[in-house]
Each structure stands twice: as C-alpha cells, then as structure tokens.
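Trainee: There's a structure below that I have some questions on.
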Amino acid sequence: MRLTTIDRYAPEPGRVVEFVPSAAALAVAEGAAASAVPPSFNQRFHLAGSTGNWLGCSFDLHGAVDVEVLRAALERWVRRHGTLCSGFRAGGERFLVPAEKAELVARDAGEFGSPKDLRGWLAGRLAAACGRLGWPSYLFLVVLRPGGGTVFCGFDHAHVDAYSLAIAVHELRESYAGRPLPAGVGSFVDYCAREQALAAGPPPAASDPRVRGWADFFAACGGTTPSFPAALGGAAVQDTDVRRLLDAAGADRLEGHCRAAGGGAFPGLLTAFGLAARSLGAGEELRLCVPLHTRDEERWERAVGWFTTVAPMTVDVTGVATAVDGVGRVRSAFREARRIASAPVAGLLGTLERNGEFRRVGDDVFMVSYVDYRRLPGAADHVACRAQHVSGATVADDAQFWLARTHEGLFLRSRHPGTAVARAVVGEFADAVTAVVREAAGGRRPGPPRAAVRRR
388 MRLTTIDRYA
398 PEPGRVVEFV
408 PSAAALAVAE
418 GAAASAVPPS
428 FNQRFHLAGS
438 TGNWLGCSFD
448 LHGAVDVEVL
458 RAALERWVRR
468 HGTLCSGFRA
478 GGERFLVPAE
488 KAELVARDAG
498 EFGSPKDLRG
508 WLAGRLAAAC
518 GRLGWPSYLF
528 LVVLRPGGGT
538 VFCGFDHAHV
548 DAYSLAIAVH
558 ELRESYAGRP
568 LPAGVGSFVD
578 YCAREQALAA
588 GPPPAASDPR
598 VRGWADFFAA
608 CGGTTPSFPA
618 ALGGAAVQDT
628 DVRRLLDAAG
638 ADRLEGHCRA
648 AGGGAFPGLL
658 TAFGLAARSL
668 GAGEELRLCV
678 PLHTRDEERW
688 ERAVGWFTTV
698 APMTVDVTGV
708 ATAVDGVGRV
718 RSAFREARRI
728 ASAPVAGLLG
738 TLERNGEFRR
748 VGDDVFMVSY
758 VDYRRLPGAA
768 DHVACRAQHV
778 SGATVADDAQ
788 FWLARTHEGL
798 FLRSRHPGTA
808 VARAVVGEFA
818 DAVTAVVREA
828 AGGRRPGPPR
838 AAVRRR
C-alpha cells in the first residue's frame, strides 16, 4: 500500500455513492445500552486528546461496479468486525449495535469533475463522519467512472490501525468478488475486555526491571515521552512529506546487507535515523517510541481494531559510521525495548505519574513506525488495485515518521507541525535519513555531516 495524506490524495473524479446506516440502524444505535467493556488504553488516550484523527484506505475496482453487490459486501464486513458495530459516548462510555442491525443503504452524493473538488469534499465528509463519538465513526463510498471505480473507507483511529487498513482492502475485494472470508476472526471489543481483565490483576512491582526500564526511559526524556531532537516552533496544522527512499531492488539490497551484519531491515533503518540525527547535531543517542502490534493470538490476526502498543527505543550510534555497521547493536537494543514493552505502559503509567516519574506534555510522541505491507493479506494485489493508506491532516506538536516496505520499494512519510522552522528542520532530517539509507543500500560510506540544527 502506498502512504499518503488527504491533502496529497488525488482521487480520479466521478459520481460518488456513499454507503450509510439506515434510519432503523441509527435508531438502534441511539438507544443502545452502555457496554460493560471499557475503551482500550489506546482508545482512552485517543478519546481524551485535543484533536481527532482518522485513517483511511482506497482501492480500485476494475470493470463496471455493481453498487448493490458492493453495498452488501460492506454490510457483511461491518457485521464481521465487532469494533465497527461499537461506538463511544461522552465520558468514554462504549455502546454496541447488534451486528444484525448494522444495515447500510446507498446514497448518491453527486458528481465531481476534478480531483481538487472531490478531495475537498471528501476531506470535509471524513472530518464530519469519522468522529470519536457516536456511531458510525467511519465513512464508506465509491467513486464511479466508466469501466471501474475507487472504493474509499475512512475510520476514526479508535477502531483501526495500519494492519486493519490492509485487511479492509483485502477482505472487501474478496467479499465483493463473492469469495468467502475465513471464519474464526476475533472482535476487538473482546480484545479490549481481555486487556481490562489483565489490567485488573496485580500491577508489575515497582522493582520489576521492565517498570524500571520505562521509568529510566522517561527520565532520560525529561520525565515525559520522547520528542524530536530539535525545536519545531510549537503546535500547528501538520505538514507532510512522502518520499521513496529506495526502489524494490534497493530495499532488497539494504535488507541483505543488514541481515549479513546480524540484523534486519528495521534495525538498520533505526540506525539510519540515529546517524541522521547525529549528523545534524543531536548527539550519539536518539530516543523515540516504536509502535508494535499486539496481535498475539490467531483470532486477532485478521481482526480490525487498534492492536498496538509502543516500545521505548534508544538508538546509540557511538562509533557507528553506517546504518549497516550499527545494525547488530540496534537490534539488541530493539530486543530490550520489546522486553520492556511486555509490561504494557497502560498498566504502569498511572503509577509512574503518581510517583512523579512521568507527565504528559503534548498530544504527539516522537516515533518511528515500520510496516512491511508485503506480509499482510492481499499484498500481492496492492499495486494492481492501487491500494493506498490515506491519513487525515490534523494539528501536530511533534514529528512522527512512518516507514513502509511494499513491492514497489521503501517509503518514508513524515508528519510535523506546519511551521517554517519545522519544515526546514524536519526536511533536512528526512534528507539526511534518505542519504544514509541510500548509502547503506549501495554499500557506500556517508558523506560529511550537515550543519547542526537547534536542539530542544
């Protein structure tokens, strides 16, 4: 899947048909009783935030689109995944719509003659439909054109992660084509109940090395989550940069070099981030969070939901010249970060806050995410159906980075506050990451360091 954001998304124009809940389904949702299952930790964090956040995906259908068949496929798919039959009310109360009552109807939304007009309308509809509260908190539509169409699905982040978007593309294409979907898929609502049951048990002891690992990490970050190692000019509507770091052959070479050096592609890329930061004056250690999926049981493998946690990662590039040179050390650090993350931050953050060892200072966290989309369901068809992962544009108060490995290569998406200083600093940093990665893939040594940037 290609990564992009709504401000860069260029949909082909056409006639838009939305698929929305029927009046009867909306009435059921309005009167639904509260569920005993609380929001997950991620959902609580999201619901308490100052801004919303949606994620979306799009893919093409070839040949004349049968709107009724597509409507039925979407309806079956909503009923298949429990989180899509749930919503939240003010205060974080969850409610559930019985799956058999989640009925969708088709509604004509009009004709759009240009990509700009369609993108503008789509951005407004997504902002209105994919809210944190109420049901549904998602939007389904198709853009019809002679000979085919583009399906677009947008979701409030509370209900999906990046894996879920790949699952959506694959399962909706399969269902539309009349192929049965595998049975036994779990519900994210059940996952939330399991998380709550685990959280109700005895918390890790304060002396637990994993708890101390989190505490030491936060202490090294000034008592809070990590932040980008340069001033960004404060919170602002986000800016985004999307670039291809390597083509498919280059990504294969990089991975081969990294594996020969005792690691893998992601440790090599994290090393590249550390080297890029060092070249811009940030020192030998770079601290950031790394998202990890939590699909630790077979029933969650093809479930739609927000199955992620974060690991506290310290990238040490002392004495390291190239991303490949440092891959072994960073791989070991990543293993340690995963071990620390096995004591979920959800279960210990309150304790650390009460002990004065943690405080929240902003909405965003400096993070680097890596997804190898080639390993996800339906990936072999992503290029042919032009599958895209589309994110919304919101307010940003830190820099965040997403690395995506696809059949077309290795891509980097950067998100940061849309200030002049952030554009310059993050742009220079992304250029440095690009240079280090390409040099590692080609087996060349990096060039001279760039000018230093202002530290926080």
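Residue numbers (the numbering used here): 388 to 843. Think of the CB as a built atom: it goes at the ideal place given N, C-alpha and C, for glycine as much as any other residue.
1) Kindly list the residues whose CB is nearer than 7 Å to the CB of residue 689, restricted to its own chain and excluding five residues on each side of it in sequence; keep chain order.
2) Thinking C-beta only, is residue 539 closer than 9 Å to residue 531?
3) Given that a residue counts as buried once 16 or more other Cβ atoms are within 10 Å of its Cβ, and exposed if not, what is residue 585?
4) In the DSSP assignment, what are the bridge partners of residue 678?
5) Check whether the segment 697 to 717 touches the segment 667 to 682, taking contact to mean three or more Cβ pairs, one atom from each stretch, closer than 8 Å.
6) Locate the alpha helix (DSSP H) running through residue 510, then write down its first and last residues.
7) How far does the beta strand (DSSP E) with residue 412 in it reach, from first residue to last?
8) Tell me whether the segment 443 to 461 and the segment 768 to 779 touch, counting them as touching only if at least three CB pairs, one residue from each stretch, are closer than 8 Å.
9) With respect to the alpha helix (DSSP H) encompassing residue 473, which residues constitute its N-terminal and C-terminal limits?
10) Can you give me the Cβ contacts of residue 502 inside the same chain, cut-off strictly under 8 Å, excluding the 5 residues immediately before and after it?
11) Roughly how many angstroms lie between the CA atoms of residue 550 and residue 618, to the nearest whole one?
12) Can you list, in chain order, the residues of its chain whose CB lies under 6 Å from that of residue 748, leaving out five sequence neighbours each side?
13) What residues in its chain sit with their C-beta under 7 Å from that of residue 837, if we drop five residues either side in the sequence?
14) Going along the chain, which residues of its own chain have a beta-carbon closer than 7 Å to the beta-carbon of residue 727, five neighbours each way excluded?
15) Do residue 406 and residue 494 count as a contact pair if the criterion is CB distance below 9 Å?
16) In angstroms, rounded to a whole number, what distance separates the CA positions of residue 449 and residue 768?
17) When we look at the beta-carbon of residue 589 and count the other beta-carbons within 10 Å, is it buried (16 or more) or exposed?
18) Distance check for residue 754 and residue 607, CA to CA, integer angstroms please.
19) What is the DSSP secondary structure of residue 800, counted as helix, strand or coil?
20) Skipping 5 residues on each side, what residues in its chain have a beta carbon closer than 8 Å to that of residue 828?
21) State the Cα-Cα distance for the pair residue 813 and residue 807, rounded to the nearest angstrom.
22) Does the Cβ-Cβ distance between residue 512 and residue 496 come in under 9 Å?
23) From what residue to what residue does the beta strand (DSSP E) around residue 493 run?
24) Can you name the residues that DSSP bridges to residue 392?
25) What's the C-alpha gap between residue 629 and residue 594?
26) Does the beta carbon of residue 505 come closer than 9 Å to any beta carbon on chain D?
27) Within this structure, are the beta carbons of residue 625 and residue 391 separated by less than 9 Å?
28) Should residue 587 be labelled buried (16 or more other beta-carbon atoms within 10 Å of its own) or exposed?
29) What does a CB cutoff of less than 8 Å around residue 620 pick up in its chain, not counting 5 residues either side in sequence?
30) In or out: residue 545 buried (at least 16 other Cβ within 10 Å) or exposed?
31) Let me know if residue 846 comes out buried or exposed under the rule of 16 or more other beta-carbons within 10 Å of its beta-carbon.
32) Taking residue 788 and residue 797 to be in contact with their CB atoms under 8 Å, please state how far apart those CB atoms are, rounded to whole angstroms.
33) Go ahead and label residue 389 buried or exposed: buried means 16 or more other beta carbons lie within 10 angstroms of its beta carbon, across all protein chains shown.
Mentor: In this structure, then:
1) Within the sequence shown, the letter at position 302 stands for residue 689. Excluding its 5 nearest sequence neighbours in each direction, residue 689 has C-beta neighbours in its own chain below 7 Å: 554, 569, 572, 764, listed in chain order.
2) Along the sequence shown, read from residue 1 onward, the residue named residue 531 stands at position 144. Along the sequence shown, read from residue 1 onward, the residue named residue 539 stands at position 152. Cβ atoms of residue 531 and residue 539: not closer than 9 Å.
3) Within the sequence shown, the letter at position 198 stands for residue 585. Exposed.
4) Here the question's residue 678 lines up with position 291 in the sequence shown. For residue 678, which the question treats as bridged, DSSP gives the partners 697.
5) Cβ pair count under 8 Å is three or more, so yes.
6) Locating residue 510 in the sequence shown gives position 123, counting from the first residue. If you look at residue 510, you'll find it in the alpha helix (DSSP H) that goes 502 to 516.
7) Stepping through the sequence shown from its first residue, residue 412 is reached at position 25. No beta strand (DSSP E) contains residue 412, which is instead part of the alpha helix (DSSP H) from 410 to 417.
8) Because the criterion of three Cβ pairs below 8 Å is met, the segment 443 to 461 and the segment 768 to 779 touch.
9) Taking the first residue of the sequence shown as position 1, residue 473 is located at position 86. Element bounds for residue 473: not the alpha helix (DSSP H) but the beta strand (DSSP E), 473 to 476.
10) The count along the sequence shown starts at 1 and reaches residue 502 at position 115. The answer, listed in chain order, is 397, 398, 399, 400.
11) One-based indexing of the sequence shown puts residue 550 at position 163. One-based indexing of the sequence shown puts residue 618 at position 231. Approximately 32 Å, taken between the alpha carbons.
12) Here residue 748 refers to the residue found at position 361 when the sequence shown is read from its first residue. Sequence-distant partners of residue 748 (beyond 5 residues in either direction) whose C-beta falls short of 6 Å from its own C-beta, in its chain, are 611.
13) Locating residue 837 in the sequence shown gives position 450, where the first residue counts as 1. Reliability of the predicted coordinates at residue 837 is poor, the pLDDT of 39 falling under 50, and the value obtained from them is presented with this limitation in mind. 666, 667, 815, 819, listed in sequence order.
14) Residue mapping note: residue 727 aligns to position 340 of the sequence shown, counting from 1. Here the set comprises 597, 600, 601, 698, 699.
15) Locating residue 494 in the sequence shown gives position 107, where the first residue counts as 1. Locating residue 406 in the sequence shown gives position 19, where the first residue counts as 1. Against a cut-off of 9 Å, the Cβ pair of residue 406 and residue 494 comes out as a contact.
16) As a working note, residue 449 is residue 62 in the sequence shown. As a working note, residue 768 is residue 381 in the sequence shown. For residue 449 and residue 768, the distance between alpha carbons rounds to 12 Å.
17) Position 202 of the sequence shown, counting from 1, holds the residue named residue 589. Label assigned to residue 589: exposed.
18) By one-based count along the sequence shown, residue 607 stands at place 220. By one-based count along the sequence shown, residue 754 stands at place 367. Each residue's Cα considered, the two are about 16 Å apart.
19) Locating residue 800 in the sequence shown gives position 413, counting from the first residue. Strand at residue 800.
20) Here residue 828 refers to the residue found at position 441 when the sequence shown is read from its first residue. Counting only residues of its own chain and dropping the five nearest sequence neighbours on each side, residue 828 has a CB closer than 8 Å to the CB of 633, 637, 638, 640, 641, 644.
21) Here the question's residue 813 lines up with position 426 in the sequence shown. Here the question's residue 807 lines up with position 420 in the sequence shown. In a straight line, the C-alpha of residue 813 is about 10 Å away from that of residue 807.
22) Counted from its first residue, the sequence shown places residue 512 at position 125. Counted from its first residue, the sequence shown places residue 496 at position 109. A Cβ-Cβ contact shorter than 9 Å links residue 512 with residue 496.
23) Looking up residue 493 in the sequence shown gives position 106. Counting along the chain, the unbroken beta strand (DSSP E) around residue 493 starts and ends at 491 to 499.
24) As a working note, residue 392 is residue 5 in the sequence shown. Residue 392 has 778 as its beta-bridge partners, per DSSP.
25) Along the sequence shown, one-based indexing puts residue 629 at 242. Along the sequence shown, one-based indexing puts residue 594 at 207. Taking the straight line from one Cα to the other gives about 43 Å.
26) No chain D appears in this structure, which consists of one protein chain only.
27) Counting from 1 along the sequence shown, the entry for residue 625 is found at position 238. Counting from 1 along the sequence shown, the entry for residue 391 is found at position 4. Remark: C-beta atoms of residue 625 and residue 391 do not approach each other more closely than 9 Å.
28) Within the sequence shown, the letter at position 200 stands for residue 587. Exposed.
29) Start at 1 with the first residue of the sequence shown, and residue 620 comes out as number 233. So the qualifying residues of the chain are 804, 806, 807, 808, 809.
30) Taking the sequence shown and counting its residues from 1, one reaches residue 545 at position 158. Around the beta carbon of residue 545, 16 or more other beta carbons sit within 10 angstroms, so the residue counts as buried.
31) In this structure the chain extends from 388 to 843, so residue 846 is not present and cannot be described.
32) As a first step, residue 788 must be located in the sequence shown, where it is residue number 401. As a first step, residue 797 must be located in the sequence shown, where it is residue number 410. Between the beta-carbon of residue 788 and that of residue 797 there is about 13 Å, and that puts the pair past the 8 Å contact cut.
33) Mapped onto the sequence shown, residue 389 falls at position 2. It counts as buried.
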